[in-house]
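In full-length UniProt numbering, the protein residues as written are 1 to 324.
As structure tokens, the structure follows; a few thoughts come after it.
See the structure below:
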């Protein structure tokens, strides 16, 4: 359920707030000074924000958080998704104030509900158990599902580990019984992306057998994409790569990389890339009966990408492939 003002203040009291209050004042002043952002037309049924790799506590994160709050003023959102690496560098919960409660304070105070998944940095501390229990992240477990209107979300822990067999059984069972018009899966690691991590994975995949070493992250796409096609998952959202990238539909599923919440790396482009950019910002997804509209929004508050997903699902044979 959304964080009300009392719940937000309770969360904020768990951490030191001196630096955060100063940032909060800067955010409030900046929000008043920013030029207005045009409202989406036509007005969507509802919309949400997605962003990943946010947890630095540095100025870049606050700049993106400010843009999110400014966007919300003109295009009200009820939900924000965090695609992992919520706390750098090692998932230390003592940093939760400076990397979450303070930068996103304006959104939390306005009742925005955050839902998070675990990234590779998050599981460095107690396998992420502190974040799973943290009320501000609204995680019902290591993997979980929730529904908003026409959309059912499936949040995964894509880190390697012994949880995978049970997670896959759970995911297929939940997808099989879902009656949602829109099915969206959230995870940290990419399946289709054209960044530096993906280059390493591709090289490891090709050279590993020759060198006698395993893949860096074996089996993610091979295990998930058949389920996406079978149960008509329209959108997979991830972070890990520090760039923004939206693919064309691949076997019916669009893949959205949005790890641009605080740090950037260069990006390439692949044959299935619809748009890619190394730009700080976030994704705003507008939900309509007949389509999802993805908007990439920069720290200046202006859109730099727009893509449309329709409910018509035409699955075509495709093998998971990462960009180089």
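Where is the CB? At the ideal position from N, CA and C, for every residue including glycine.
The segment 82-102 in contact with the segment 47-54 per 3-pair CB rule at 8 Å: yes
Coil, strand or helix - residue 169 by DSSP: helix
Can you list the beta strand (DSSP E) stretches of 3 or more residues lying completely in the segment 69-149, in chain order? 79-82, 113-116 and 144-148
Enumerate in chain order the residues of its own chain whose CB-to-CB distance from residue 182 is below 8 Å, with the five nearest sequence positions on each side excluded. 150, 151, 152, 234, 235, 287, 292 and 311
Straight-line CA distance for residue 60 to residue 45? 31 Å
Nearest residue (CA-CA) to residue 87, options 243, 129, 165 and 72: 129
Specify the secondary structure class of residue 307 as computed by DSSP and reduced to three states. strand
If we count the other Cβ atoms within 10 Å of its Cβ and call it buried at 16 or more, is residue 29 buried or exposed? For residue 29, the predicted model reports a pLDDT of 38, less than 50, meaning its position is unreliable and no value from the coordinates is stated.
Can you tell me the Cα-Cα spacing of residue 295 and residue 243, whole angstroms? 15 Å
What are the partner residues of residue 246, as DSSP defines its beta bridges? 256 and 275
In chain order, what residues of the same chain lie with their CB nearer than 8 Å to the CB of residue 141, ignoring the 5 residues before and after it? 132
Does the beta-carbon distance from residue 139 to residue 107 come in below 8 Å? no
Using only the alpha-carbon positions, how far apart do residue 326 and residue 174 sit? Any question about residue 326 goes unanswered here, given that the chain covers just 1 to 324.
List the endpoints of the continuous beta strand (DSSP E) containing residue 47. 46-51
Only counting the same chain, and skipping five residues up and downstream in sequence, which positions put a Cβ closer than 8 Å to that of residue 58? 262
Can you grab the Cα-Cα spacing for the pair residue 214 / residue 300, in whole Å? Any reading at residue 214 needs caution, since the residue's pLDDT is 45, under 50, leaving its predicted position unreliable; the model's value is listed next. Roughly 42 Å between the two C-alpha positions.
Return the chain-ordered list of same chain residues with a C-beta closer than 7 Å to the C-beta of residue 116, the five sequence neighbours on each side being excluded. 82, 86, 131, 137 and 139
DSSP state of residue 267 mapped onto helix, strand, coil: strand
DSSP-derived helix/strand/coil call for residue 236: strand
If residue 283 and residue 256 are in contact, beta carbons under 8 Å, what's the gap, nearest whole angstrom? 6 Å
Whole angstroms is fine: what's the gap from residue 305's alpha carbon to residue 188's? 21 Å
Just verifying my parser: in three-state terms, what is the DSSP assignment at residue 64? helix
Taking the C-alpha atoms as reference points, what is the distance between residue 47 and residue 246? 18 Å
So, are the CB atoms of residue 302 and residue 272 less than 8 Å apart? no
Relative to the C-alpha of residue 156, which candidate in 298, 119, 176 and 134 has its C-alpha closest? 119
Closest to residue 77 by CA distance: which of 251, 224, 192 and 110 is it? 110
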